[in-house]
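Just so you know, the sequences run in chain order A and B. Read in the working numbering, the first sequence has 143 at position 143, and its numbers run on one by one without any break. Numbering-wise, the working numbering comes out as the position in the second sequence, counting from 1, plus 187. Where a beta carbon is used, it is the ideal one built from N, C-alpha and C, also for glycine.
Number of protein chains: 2
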Amino acid sequence: MAEARGDTRNRILDVALELFNDQGYDATSLREIAERLGVTKAALYYHFKSKADILLELHLRLHDLGDDLLAELDQLPDDQVVAAWPGLVDRFIDAVTENRDLFLVHQRNQRAFEQVINDERHQQANQDIEERFRRVLANDVIPLADRVRMACSIGAVMVGLMGADEIFGDEAAQVVGLVRSTVHELL
Amino acid sequence: MAEARGDTRNRILDVALELFNDQGYDATSLREIAERLGVTKAALYYHFKSKADILLELHLRLHDLGDDLLAELDQLPDDQVVAAWPGLVDRFIDAVTENRDLFLVHQRNQRAFEQVINDERHQQANQDIEERFRRVLANDVIPLADRVRMACSIGAVMVGLMGADEIFGDEAAQVVGLVRSTVHELL
DNA sequence: GTCTATATTTCGATAGAC
DNA sequence: GTCTATCGAAATATAGAC
């Protein structure tokens, strides 16, 4: 029995992602994850060395998605960030649209992600997406008014898109385009 | 000793608010709250009947702040909501500016708030601010494009203002006005 | 890879003295 | 109003059989 390939690991991550989004990371026990998968708690420890390790793996998936965008942002000369922003926001909208649950779990469990990252990785503190993004907005070479617009645009995308399924129901498909044009109006 | 008036209760709430914001509701134990106050865990139970009761009290404070705004919104005829929105957003900005920590703790612990409210209050499910706000955005009498703009405007305010202290440092004071003008551009 | 069984810790909560 | 002491539940994690 069992899954032929290394598939159980992914099923664990899928269930964990769903439960972390519904109930929160702290409020979700390994027992719940195991029961929903029809296995026991101990089985999870064959695939992950700890509960934090599951969250860390979800972080890595998110990290891969945001890495291109943030790397590009980091290498951009300060005086070109504002001009490049609309294009970057469009790609951010695409990423969020295609991976809603993954962005959602990060937004809803920011503190848990931070703790897990800081415990496991003492490398450069360059790992957390939220943290790297924060640094761009704190760059005081860019005019404050522009940075506020940048922050607001991200907020608009997140609230407009991430909760879209719950709020707008079956109209959610049309929402992506509407968010895109709305956000571009303030850039 | 002890505080002359019913002041200890407020000190508990202040410490809890700070820790819930820093670490999250679930990740904060009553032991931590008590230690920071220089009392024991048991003392907390004289002032609150449970941990959830502390969160519930914080919810009530937030509820009072948002109640006027949402009541006004609920009584507004559907075809006047869009026109009234800019004025309501301005008042929302004022409320967030003056009570940043309180709005922050709600945003960062949405699931915990929902569970506490649903457990303690089986009244009308009209208690959670986020929930009532969601219902406005789901009202399909209002054109979808307008509702998306409304959602985006709230997102812009939240990201622009709530994390302002952490992101913008000593420039945070100027941010309020900048967020206000930025958000009005998309309404 | 998954199981049973258990170790260990920590939490929320209560009882009763002061 | 605050303390000491403790209970019971639930969680993470491990050991070892299969």
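Check, Outcome
"Secondary structure, alpha helix (DSSP H): runs of 4+ residues fully inside the segment 261-315 of chain B", "268-285, 287-295 and 297-307"
"With 16 other Cβ atoms within 10 Å as the buried cut-off, status of B/L245", "buried"
"Sub-8 Å separation of B/Q297 and A/R108 beta-carbons", "yes"
"Contacting positions in the segment 218-231 of chain B - beta carbon closer than 7 Å to chain A", "none"
"Contacts that A/V175 makes with chain B (C-beta to C-beta distance below 8 Å)", "L331 and V335"
"Spatial distance of A/G160 from B/L260 (CA atoms)", "20 Å"
"Contact under 8 Å by Cβ, A/V175 with B/V335", "yes"
"Same chain, Cβ closer than 7 Å to B/R223, neighbours up to 5 away in sequence not counted", "V202"
"Alpha-carbon to alpha-carbon, A/K51 and A/A2", "Model confidence at A/A2 stands at a pLDDT of 47, short of 50, so the residue's coordinates are unreliable and nothing is read from them."
"Three CB pairs or more closer than 8 Å across the segment 260-277 of chain B and the segment 167-174 of chain A", "no"
"Neighbour list for B/V366 in chain A, Cβ cutoff strictly below 7 Å", "V148 and C152"
"As assigned by DSSP and simplified to three states, the class of A/S181", "helix"
"Test item: CB-CB of A/L69 and A/V116 under 8 Å", "no"
"Nearest candidate by alpha-carbon position, reference A/F168, set B/M337, B/E372 and B/D352", "B/M337"
"Endpoints, the alpha helix (DSSP H) within which B/K236 is located", "Element bounds for B/K236: n/a, residue is neither H nor E."
"Candidates A/Y46, A/C152 and A/W85: closest to B/M349 by CA position", "A/C152"
"B/G347 in three-state terms, based on DSSP", "helix"
"Beta-carbon spacing of B/L247, B/F290 below 8 Å", "no"
"Proximal residues, the segment 285-316 of chain B versus chain A, C-beta separation under 9 Å", "R295, N296, Q297, R298, A299 and Q302"
"Proximal residues to B/A221 (C-beta, below 7 Å), its chain only, five neighbours per side dropped", "T227, K228, A230 and L231"
"Cβ neighbours of A/A112 in the same chain (closer than 7 Å, five flanking residues each side left out)", "Y25, D26 and L55"
"Contacts of B/Q210 in chain A (Cβ-Cβ under 7 Å)", "R111"
"CB of A/V105 within 8 Å of CB of A/L17, strictly", "yes"
"Beta-carbon proximity of A/V89 to A/L187, cut-off 8 Å", "yes"
"is_contact[A/D94, chain B] using C-beta, thresh 8 Å", "no"
"B/K236 versus B/D315: straight-line alpha-carbon distance, rounded", "21 Å"
"8 Å Cβ cutoff met for B/A332 and A/L178", "yes"
"C-beta contact flag for A/G155 and B/A270 at 8 Å", "no"
"Any chain A beta carbon closer than 8 Å to B/P213", "Before going on, a small fix: residue 213 of chain B reads as Asp here, not Pro. Closer than 8 Å: yes."
"Span separating the alpha-carbon of A/R100 from that of A/D170", "16 Å"
"Three-state class that DSSP yields for B/S340 in the structure shown", "helix"
"Terminal residues of the alpha helix (DSSP H) in which B/D194 lies", "D194 to Q210"
"Residue interval of the alpha helix (DSSP H) (run including A/E35)", "L30 to L37"
"Min CB distance A/L186 to chain B below 8 Å", "yes"
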